[in-house]
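Going by our numbering, the sequence shown opens with residue 7, and the numbers climb by one from there.
One structure is given below, encoded as structure tokens.
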Amino acid sequence: MERFAELTILQPEDKEGIDEPRTLGDELVEGKKRLYIESYGCQMNFSDSEIVAAVMRNAGFATTSSADDADVIFLNTCAIRDNAEQKVRNRLVHLSAFKKRKPELIIGMLGCMAERLKTKLLEEEQIVDIVAGPDAYRDIPKLVEEAETGQKAVNVFLSREETYADIAPIRLNSNGVTAFISIMRGCDNMCSFCVVPFTRGRERSRDPHSIVREAQQLFADGYREVTLLGQNVDSYKWAGVETAPTDRQNFASLLALVAQIHPDLRVRFSTSHPKDITDDVLHTMARYDNICNYIHLPAQSGNSRVLKLMNRTYDRAWYLGKIDRIRAILGEDCGLSHDMISGFCSETEAEHQDSLTLMEYAQFDYGYMFAYSERPGTLAAKKYPDDIPEDVKKRRLSEIIALQQRMSLVRNQRHVGQVQRVLVEGVSKRSEKDLFGRNDQNKVVVFPRGNHQKGDYVNVLVTECSSATLKGQVV
Ligand code: SAH
Ligand code: SF4
Ligand code: F3S
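See the structure below:
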């Protein structure tokens, strides 16, 4: 699996394929204190780290890509599953050696695990100096100052308004071609298995003008693709402000606004929620060539009883109906991916089979698949026993993954013999002689370098494929 295939989805990083956290690049300035950030979890966290970098730069810090050089180390953490938190705890063990060598080093925990555990994290992990939740990033320079005096510093206040709309993120480790734009924060959905509403607070949408300005600036800077990010983009809503009350937007109209910036600016988005994605959004996608023909539509289960326990607020028939609408409006070729959870509380063998048959019906191009991990404080943890044995969860998960791999291969084979428009993102990690990019459906395409460069659009005749990648020649 090519790692870069994974970078666009609002997804935790402990999924297949991504094994290392991502860090920001160097911006070495003599005499300045240096910040090192490591980001775990989903794209939202990576995007937030760019905001943190901007806030810290304004406070006079430079960034470094080496933890060894740093005066301040931030881990931007994830809490979505137990193993996401374990990974961070292991990293802290490693970092304690740094702190021994350099006692004035400041270590901060940001993001969802910080928000979930709050001050408990300071008790459990002695080397941590700062705990800051996702809505506290403007306050970070102050927290660092406090920590510099030897105190522990905490801000885990969740806001109803904060969107960081006015902060221009620093894109230090970017490919210069694709970028992410947060359009909303938080989540109001309360899926029973999910910790996100507790770690990221209430849903709020960002001012559309600031979104469009950010996208325009990215295009002017040479970027050719933006992905609009939110936990549930379909519930994006801007009611207008007093000075411009007519300035209402929903997700479909926002998509159109961003698509109109330039035909050469590709627009993607993630994540859609099956209960909220509208025909209006699908028609908008069909109307603009530069809105990519790809939807990430998490299912979580294919069984209506389990979906009810999960509090997803749709059932199997509703989900299949959405698939039908997507195929009717955007065609068979529309790229589709999903999330699926195996072994949720009380899931029977027959109900697990329903997840497999739902996948067969939908013919997903790709999937992000997980064994259920109980999260403290969630509705499911309070109401339903986590009663599916680990080995059963794992076996069901491996059946889901095996089916997805077979389907991915078949879906990719459809493209063999076709010419695909590819936006070049960089040099292939497997061979210096090849470039890679993605097609409209978000599939990675690898082809010989020729005279092409990242940021170019090229037409590639696909000649072969695996379940993860398409290969071909520029025509
Ligand atoms: N907002 C997105 C997903 C956010 S979390 C949505 O609603 O689809 C990303 C994925 O992690 C989820 O779609 C789900 O499949 C998975 N996930 C969340 N909580 C989980 C848990 N407790 N155990 C296993 N997987 C989980
Ligand atoms: Fe979690 Fe559900 Fe919100 Fe997604 S929609 S972030 S799964 S609560
Ligand atoms: Fe993302 Fe993990 Fe938080 S998936 S929203 S960083 S819990």
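We put the CB at the ideal spot given by N, CA and C, even for glycine.
Compute the minimum distance between the beta carbon of Cys298 and the heavy atoms of the ligand F3S, and state whether it is under 8 angstroms.
No, the beta carbon of Cys298 sits no closer than 8 angstroms to any heavy atom of the ligand F3S.
Could you tell me the alpha carbon to alpha carbon distance between Leu261 and Leu111, rounded to whole angstroms?
Cα-Cα distance, rounded: 44 angstroms.
Output the residues surrounding the ligand SF4, defined as those with a CB atom closer than 6 angstroms to any ligand heavy atom, in chain order.
Result: Cys193, Asn195, Met196, Cys197, Cys200, Val202, Pro203, Gln237, Asn238 and His279.
When we look at the beta-carbon of Val481 and count the other beta-carbons within 10 Å, is it buried (16 or more) or exposed?
Counting Cβ neighbours within 10 Å, Val481 comes out exposed, since fewer than 16 surround it.
So Val273 is in the beta strand (DSSP E); what residue range does that whole segment cover?
Note, Val273: beta strand (DSSP E), Arg272 to Ser276.
Do Thr475 and Thr449 count as a contact pair if the criterion is CB distance below 9 angstroms?
One detail in the question is off: residue 449 reads as Lys in this sequence, not Thr. Contact flag set, yes.
Going along the chain, which residues of its own chain have a beta-carbon closer than 6 angstroms to the beta-carbon of Gln17, five neighbours each way excluded?
Low per-residue confidence applies at Gln17: pLDDT is 39, beneath 50, and the placement is therefore not dependable enough to give any value.
Indicate whether Asp253 and Pro214 have their beta-carbon atoms separated by less than 9 angstroms.
Yes, they are a contact pair.
Along the chain, where does the alpha helix (DSSP H) containing Arg331 start, and where does it finish?
Arg322 to Leu336 is the span of the alpha helix (DSSP H), which, as asked, contains Arg331.
Could you tell me if the beta carbon of Asp345 falls within a distance shorter than 8 angstroms of some heavy atom in the ligand SAH?
Answer for Asp345: yes, Cβ within range of the ligand SAH.
Hey, quick one: how far does the alpha helix (DSSP H) through Pro214 stretch, first residue to last?
Where Pro214 is concerned, the enclosing alpha helix (DSSP H) stretches over Pro214 to Ala226.
Quick check on this structure: which residue in Glu353, Glu167, Cys298 and Pro280 has the alpha carbon closest to the alpha carbon of Ala368?
Per the Cα distances, Pro280.
In the structure shown, what three-state DSSP assignment does Gln17 receive?
Because the pLDDT at Gln17 is just 39, under 50, the model does not fix this residue reliably, and the value given afterwards should be weighed accordingly. Reduced to three states, the DSSP call for Gln17 is coil.
Going by the beta-carbon positions, is the gap between Ser55 and Phe80 smaller than 9 angstroms?
Yes.
Any heavy atom of the ligand SAH within a distance shorter than 8 angstroms of the CB on Ala368?
No, the beta carbon of Ala368 sits no closer than 8 angstroms to any heavy atom of the ligand SAH.
Report the three-state DSSP secondary structure of Thr70 (helix, strand or coil).
Reduced to three states, the DSSP call for Thr70 is coil.
Please work out which residues of its chain come closer than 8 angstroms, Cβ to Cβ, to Leu409, disregarding the five sequence neighbours upstream and downstream, and give them in chain order.
So the qualifying residues of the chain are Leu362, Met365 and Glu366.
Nearest CA to the CA of Val201: which residue from Tyr378, Arg412, Ser473 and Thr70?
The candidate whose alpha carbon is nearest that of Val201 is Tyr378.
Looking only at DSSP bridge pairs, what is Glu231 linked to?
Per DSSP, Thr184 and Arg272.
Using a 10 Å radius around the Cβ and a threshold of 16 neighbouring Cβ atoms, would you call Gln237 buried or exposed?
By the neighbour-count rule (16 or more Cβ atoms within 10 Å), Gln237 is buried.
Is it true that the CB of Val464 sits closer than 9 angstroms to the CB of Val433?
In this structure, Val464 does not lie closer than 9 angstroms to Val433 by Cβ.
Tell whether a beta-carbon distance below 9 angstroms holds between His302 and Thr277.
Result yes, Cβ atoms of His302 and Thr277 sit closer than 9 angstroms.
I'd like the ranges of any beta strand (DSSP E) spanning at least 3 consecutive residues and lying wholly in the segment 93-179.
With a minimum length of 3 residues, the continuous beta strand (DSSP E) runs that stay inside the segment 93-179 are 112-116, 136-138 and 159-161.
For a test of the three-state rule: what should DSSP assign to Ala76, helix, strand or coil?
Residue state, collapsed to three classes: coil.
Report yes or no: do three or more beta-carbon pairs, one from the segment 98-109 and one from the segment 67-85, lie closer than 8 angstroms?
In short, these stretches touch, since the Cβ pair count reaches three.
Could you give the DSSP three-state label for Pro203: helix, strand or coil?
Here Pro203 sits in helix by DSSP.
Near Met115, which residues of its chain fall below 8 angstroms by C-beta distance, leaving aside the five closest residues on each side in sequence?
Cβ within range, chain order: Phe80, Leu81, Thr83, Val94, Leu127, Glu131, Val134, Ile136, Val137 and Ala138.
Below 6 angstroms CB to CB, which residues in the same chain sit around Ile283 once its five sequence neighbours on both sides are set aside?
Same-chain partners within the cutoff: Asp240.
Use the C-beta contact count for Lys477: other C-beta atoms within 10 angstroms, 16 or more gives buried, fewer gives exposed.
The residue in question, Lys477, is buried, as its Cβ has 16 or more Cβ neighbours within 10 Å.
Should the segment 225-236 be regarded as contacting the segment 188-205, the criterion being three or more beta carbon pairs within less than 8 angstroms?
The answer is yes - the segment 188-205 touches the segment 225-236, with three or more Cβ pairs under 8 angstroms.
Taking only three categories from DSSP, how would you classify Ala245?
DSSP places Ala245 in coil when its eight states are reduced to three.
Let's see if you can read the secondary structure: which residues bound the alpha helix (DSSP H) around Ala60?
Gln49 to Asn64 is the span of the alpha helix (DSSP H), which, as asked, contains Ala60.
Just list the alpha helix (DSSP H) runs in the segment 387-471, keeping only unbroken ones of 4 residues or longer that don't cross its boundaries, in chain order.
For the segment 387-471, whole alpha helix (DSSP H) runs of length 4 or above, ordered along the chain, are 396-419.
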